[in-house]
Amino acid sequence: MRMILAVAAVLYSASAFAQADKPPMIGDKPLVQVKPKGTKAGTKEAAAKSAAAPKGKPQSIAARLQACLDLDDGTKDRLNCYDAVIAPTPKPKPPKAKGYADCRFFKEEDERLACFNGFAESIPKLPKT
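Under our numbering, the first residue of the sequence shown carries the number 18, and numbering increases by one thereafter.
The structure is reproduced here in structure tokens:
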């Protein structure tokens, strides 16, 4: 019985010592949390994107593309909205777009905007939740 009490006392004291007020350290530097790639706190787009996105469940690409349709048609703002959803990677001779993801390959902004508009308008309206 004494042996069980001694083992329990040692285990409880070890767990008490393991709990510290300081954050975990690596050498003399504190352990840091890594931010997701591609987020820049100083840009206006990042601030607008974080303000526009709800804090709850992340939206699908279709919902974000449809949200871009609320902006004025044919404007740079709408193209910037589409580019925030799907980053452009222009190619010299892009193939014909078969889906909204293929619109990112167009080099000309007008072609890219028309491509995104065509696919975003053809997506069935999603229920508002």
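We put the beta carbon where it would ideally sit given N, CA and C, even for glycine.
* To do: Using alpha carbons as the reference points, say which of C98, L130, P75 lies closest to G91.
  => Considering only alpha carbons, the answer is L130.
* To do: Output yes or no for whether 7 Å exceeds the beta carbon distance between L82 and V102.
  => With contacts defined as CB atoms closer than 7 Å, L82 and V102 qualify as a contacting pair.
* Asked: So, using beta-carbon positions, are F122 and P109 closer together than 7 Å?
  -> no
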